[in-house]
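Enquirer: Supplied in structure tokens, the structure appears directly below.
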Amino acid sequence: MLLAKRPARPEVLVTKSSPTDVVTALDRASEELIRDRIKAVRPDDAILGEEGGTTGDGRVRWIVDPIDGTVNFLYGVPEWAVSIAVEVDGEVIAGVVNVVPRAEVFTAVRGRGAWLAGERLSCNTGVPLERALIATGFGYGSGRRAVQAEVLRHVLPRVRDIRRGGSAASDLCAVAAGRLDGYYERGPQEWDYAAGGLIAAEAGARVGGLEGRPANPGLTLCAAPGLFEELHDLLLGLAPERDA
Numbered sequence: 011m012l013l014a015k016r017p018a019r020p021e022v023l024v025t026k027s028s029p030t031d032v033v034t035a036l037d038r039a040s041e042e043l044i045r046d047r048i049k050a051v052r053p054d055d056a057i058l059g060e061e062g063g064t065t066g067d068g069r070v071r072w073i074v075d076p077i078d079g080t081v082n083f084l085y086g087v088p089e090w091a092v093s094i095a096v097e098v099d100g101e102v103i104a105g106v107v108n109v110v111p112r113a114e115v116f117t118a119v120r121g122r123g124a125w126l127a128g129e130r131l132s133c134n135t136g137v138p139l140e141r142a143l144i145a146t147g148f149g150y151g152s153g154r155r156a157v158q159a160e161v162l163r164h165v166l167p168r169v170r171d172i173r174r175g176g177s178a179a180s181d182l183c184a185v186a187a188g189r190l191d192g193y194y195e196r197g198p199q200e201w202d203y204a205a206g207g208l209i210a211a212e213a214g215a216r217v218g219g220l221e222g223r224p225a226n227p228g229l230t231l232c233a234a235p236g237l238f239e240e241l242h243d244l245l246l247g248l249a250p251e252r253d254a
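If you're matching positions, the sequence shown starts at 11 in our numbering and goes up one per residue.
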């Protein structure tokens, strides 16, 4: 649907936290389609969607990002994804990330590995911080971006290089597939990292926040064990969870 209906330059429907935090009509149409498909077969389940919030209160909950990387989608940059995870009693047990422009569908079931096109995924291991290719992302508020630029100024000299793809879900899957060594970002929401985080974890990566916390909007980290700790300790000293 998104490929078929995407015009040359999709119209911005509304903005959220800032003028650069956009929602298109197709974000909402995509989420409505996903919600309708889930409700048709699982009417008692809860659904959390980026655009529609939470509906239902079942012990099974679906977590939906209808377009992760909306600005990329808006501009025709081929780095955006549809992300869907399902959790039972608060634990994510399955996830799928469809990087639509590349026709790549990443999947994972807890305890059964992460997969792409029939091949089991495995993250890069044994990579020291100074040789690590790290992805990150930036927030929408000017104050947060200023802090993120300051943090990045200290991270960049310590790693191989930095990439900024624009889709947290896709970045997490790239770690799972060995296309990146690690990822960190201040600000991703549950719908951004629920499916991709499980996929990365099932590929052998560690996914979490600072000081033993789980992945969260304050900061989400992802890398193989060893590199995770190196990146964590570097970031911890930079106080990356502040906005000013």
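We put the beta carbon where it would ideally sit given N, CA and C, even for glycine.
1. Buried or exposed: where does Asp78 fall if 16 or more other Cβ atoms within 10 Å of its Cβ makes it buried?
2. Identify which residue in Leu43, Ala249, Val96 and Leu241 has its Cα closest to the Cα of Leu139.
3. Along the chain, where does the alpha helix (DSSP H) that runs through Asp46 open and close?
4. Do Gly214 and Ala187 have their C-beta atoms within less than 8 Å of each other?
5. By a C-beta neighbour count over all protein chains shown, 10 Å radius and 16 as the cutoff for buried, is Glu152 buried or exposed?
6. Tell me where the beta strand (DSSP E) around Leu229 begins and ends.
7. In whole angstroms, what is the alpha-carbon distance linking Leu163 and Val157?
8. State yes or no: is the C-beta of Trp72 within less than 8 Å of the C-beta of Val96?
9. Report the partner residues of Ile94 according to the DSSP bridge assignment.
10. What number of angstroms, rounded off, separates the C-alpha of Met101 from the C-alpha of Gly68?
11. Under 8 Å: do the segment 163-176 and the segment 57-68 share three or more Cβ pairs, one atom per stretch?
12. Could you pull the start and end residues of the alpha helix (DSSP H) that Glu195 belongs to?
Expert: Let's see:
1. Here residue 78 is taken as the residue at index 68 of the sequence shown, counted from 1. It counts as buried.
2. Position 129 of the sequence shown, counted from the start, is the residue given in the question as residue 139. Of the residues Leu43, Ala249, Val96 and Leu241, the one whose Cα lies closest to the Cα of Leu139 is Leu241.
3. Here residue 46 refers to the residue found at position 36 of the sequence shown. Per DSSP, Asp46 is one residue of the alpha helix (DSSP H) stretching across Ala35 to Val51.
4. As a position in the sequence shown, residue 214 is number 204, starting the count at 1. As a position in the sequence shown, residue 187 is number 177, starting the count at 1. In this structure, Gly214 sits away from Ala187, with a CB-CB distance that is not shorter than 8 Å.
5. For the purposes of this step, residue 152 is identified with residue 142 of the sequence shown, where counting begins at 1. The amino acid at residue 152 is misidentified as Glu; the sequence shows Ser. By the 16-neighbour rule on beta-carbons within 10 angstroms, Ser152 is exposed.
6. By 1-based counting over the sequence shown, the position of residue 229 is 219. It is not in any beta strand (DSSP E) - Leu229 carries neither H nor E in the DSSP assignment.
7. Counting from 1 along the sequence shown, the entry for residue 163 is found at position 153. Counting from 1 along the sequence shown, the entry for residue 157 is found at position 147. What sits at residue 163 in the sequence shown is Arg, not Leu. For Arg163 and Val157, the distance between alpha carbons rounds to 10 Å.
8. Along the sequence shown, read from residue 1 onward, the residue named residue 72 stands at position 62. Along the sequence shown, read from residue 1 onward, the residue named residue 96 stands at position 86. In this structure, Trp72 places its C-beta atom within 8 Å of the C-beta atom of Val96.
9. Taking the first residue of the sequence shown as 1, we reach residue 94 at position 84. DSSP output for Ile94 lists Val74 and Val106 as bridge partner(s).
10. On the sequence shown, position 91 is the one that residue 101 refers to. On the sequence shown, position 58 is the one that residue 68 refers to. Here residue 101 is Glu; the residue named in the question, Met, does not match the sequence. Straight-line measurement puts the Cα of Gly68 at about 13 Å from the Cα of Glu101.
11. Because the criterion of three Cβ pairs below 8 Å is not met, the segment 163-176 and the segment 57-68 do not touch.
12. Counting from one through the sequence shown, the residue named residue 195 turns up at place 185. First-last for Glu195: Gly192 to Glu195, but that is the beta strand (DSSP E), not the alpha helix (DSSP H).
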